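Numbering (this note's numbering), first residue to last: 67 to 168.
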(Lines of atoms letter the chains of each structure in order from A and count residues from 1; the text may use other names and numbers.)
(Lines give C-alpha, C1' and ligand atoms only; values in the text may rest on other atoms or scores of the structure.)
Protein backbone atom coordinates (compact mmCIF):
# COMPACT_ATOMS: atom_id res chain seq x y z
CA UNK A 1 0.00 0.00 0.00
CA UNK A 2 1.32 3.47 -0.76
CA UNK A 3 2.56 5.40 2.24
CA UNK A 4 1.70 7.57 4.03
CA UNK A 5 -1.88 6.34 4.10
CA UNK A 6 -4.70 7.67 6.28
CA UNK A 7 -7.78 5.47 6.72
CA UNK A 8 -10.60 7.99 6.50
CA UNK A 9 -13.27 5.53 7.59
CA UNK A 10 -11.61 5.34 11.01
CA UNK A 11 -14.15 6.40 13.66
CA UNK A 12 -11.95 9.34 14.69
CA UNK A 13 -11.88 10.73 11.12
CA UNK A 14 -15.39 9.87 9.93
CA UNK A 15 -16.46 13.54 10.17
CA UNK A 16 -13.88 14.36 7.47
CA UNK A 17 -15.21 11.84 4.96
CA UNK A 18 -17.60 14.30 3.28
CA UNK A 19 -14.87 16.86 2.57
CA UNK A 20 -12.51 14.16 1.42
CA UNK A 21 -15.00 12.57 -0.95
CA UNK A 22 -15.82 16.02 -2.32
CA UNK A 23 -12.11 16.38 -3.11
CA UNK A 24 -12.13 12.89 -4.61
CA UNK A 25 -14.83 13.84 -7.13
CA UNK A 26 -13.47 17.35 -7.75
CA UNK A 27 -10.00 16.46 -8.98
CA UNK A 28 -9.54 14.79 -12.35
CA UNK A 29 -8.74 11.12 -11.88
CA UNK A 30 -6.79 9.86 -14.86
CA UNK A 31 -5.09 6.76 -13.57
CA UNK A 32 -6.21 3.95 -11.31
CA UNK A 33 -4.94 0.53 -10.34
CA UNK A 34 -5.96 -2.47 -8.27
CA UNK A 35 -3.77 -4.12 -5.65
CA UNK A 36 -3.88 -6.89 -3.10
CA UNK A 37 -2.46 -5.64 0.21
CA UNK A 38 -1.43 -7.66 3.26
CA UNK A 39 -3.27 -6.84 6.49
CA UNK A 40 0.10 -6.77 8.24
CA UNK A 41 2.93 -5.25 6.24
CA UNK A 42 5.60 -7.86 7.03
CA UNK A 43 3.37 -10.92 7.56
CA UNK A 44 2.38 -12.77 4.38
CA UNK A 45 0.17 -15.11 6.43
CA UNK A 46 -2.04 -12.28 7.70
CA UNK A 47 -4.20 -12.38 4.59
CA UNK A 48 -4.92 -9.73 2.01
CA UNK A 49 -7.57 -7.23 1.10
CA UNK A 50 -8.38 -5.70 -2.26
CA UNK A 51 -7.84 -1.98 -2.87
CA UNK A 52 -8.45 0.19 -5.91
CA UNK A 53 -6.20 3.25 -5.99
CA UNK A 54 -7.22 6.40 -7.84
CA UNK A 55 -4.13 8.50 -8.43
CA UNK A 56 -4.40 12.28 -8.39
CA UNK A 57 -0.64 12.84 -8.70
CA UNK A 58 1.27 9.55 -8.76
CA UNK A 59 4.72 11.17 -8.71
CA UNK A 60 3.92 12.89 -5.39
CA UNK A 61 2.05 9.84 -4.07
CA UNK A 62 -1.30 11.65 -3.89
CA UNK A 63 -4.42 9.60 -4.34
CA UNK A 64 -7.41 7.88 -2.81
CA UNK A 65 -8.03 4.22 -2.21
CA UNK A 66 -11.24 2.30 -1.75
CA UNK A 67 -10.67 -1.07 -0.10
CA UNK A 68 -12.88 -4.07 0.43
CA UNK A 69 -11.95 -5.36 3.88
CA UNK A 70 -13.19 -8.94 4.02
CA UNK A 71 -12.25 -9.52 7.66
CA UNK A 72 -14.15 -6.48 8.92
CA UNK A 73 -16.91 -6.80 6.33
CA UNK A 74 -16.55 -3.11 5.50
CA UNK A 75 -15.48 -0.78 2.76
CA UNK A 76 -12.51 1.34 3.85
CA UNK A 77 -11.48 4.66 2.29
CA UNK A 78 -7.86 5.83 2.35
CA UNK A 79 -6.09 9.02 1.37
CA UNK A 80 -2.46 8.70 0.25
CA UNK A 81 0.21 11.36 0.51
CA UNK A 82 1.52 13.80 3.08
CA UNK A 83 -0.55 16.72 4.33
CA UNK A 84 2.10 19.09 2.98
CA UNK A 85 1.91 17.61 -0.53
CA UNK A 86 -1.90 17.74 -0.45
CA UNK A 87 -1.88 21.40 0.59
CA UNK A 88 0.60 22.26 -2.18
CA UNK A 89 -1.54 20.41 -4.73
CA UNK A 90 -4.77 22.11 -3.61
CA UNK A 91 -3.12 25.53 -3.69
CA UNK A 92 -1.83 24.89 -7.23
CA UNK A 93 -5.25 23.64 -8.32
CA UNK A 94 -6.94 26.74 -6.89
CA UNK A 95 -4.37 29.03 -8.54
CA UNK A 96 -5.16 27.48 -11.93
CA UNK A 97 -8.89 28.11 -11.45
CA UNK A 98 -8.52 31.67 -10.13
CA UNK A 99 -10.15 34.14 -12.48
CA UNK A 100 -11.90 31.43 -14.53
CA UNK A 101 -15.46 32.69 -14.72
CA UNK A 102 -16.65 30.33 -17.44
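Glycine included, each C-beta is placed from N, C-alpha and C at the ideal position. Treat the numbers as computed from the prediction; the structure is a model and nothing was measured.
Taking a contact as a CB-CB distance under 8 Å, the pair residue 147 and residue 129 counts as one, their CB atoms being some 7 Å apart. Assignment of beta-bridge partners to residue 141 by DSSP yields 134. A residue is called buried when at least 16 other Cβ atoms come within 10 angstroms of its Cβ; residue 119 meets this threshold and is buried. Taking all protein chains shown into account, residue 161 has fewer than 16 neighbouring C-beta atoms within 10 Å of its C-beta and is therefore exposed. Taking all protein chains in view, the Cβ of residue 164 is surrounded by fewer than 16 other Cβ atoms within 10 Å, so the residue is classified as exposed.
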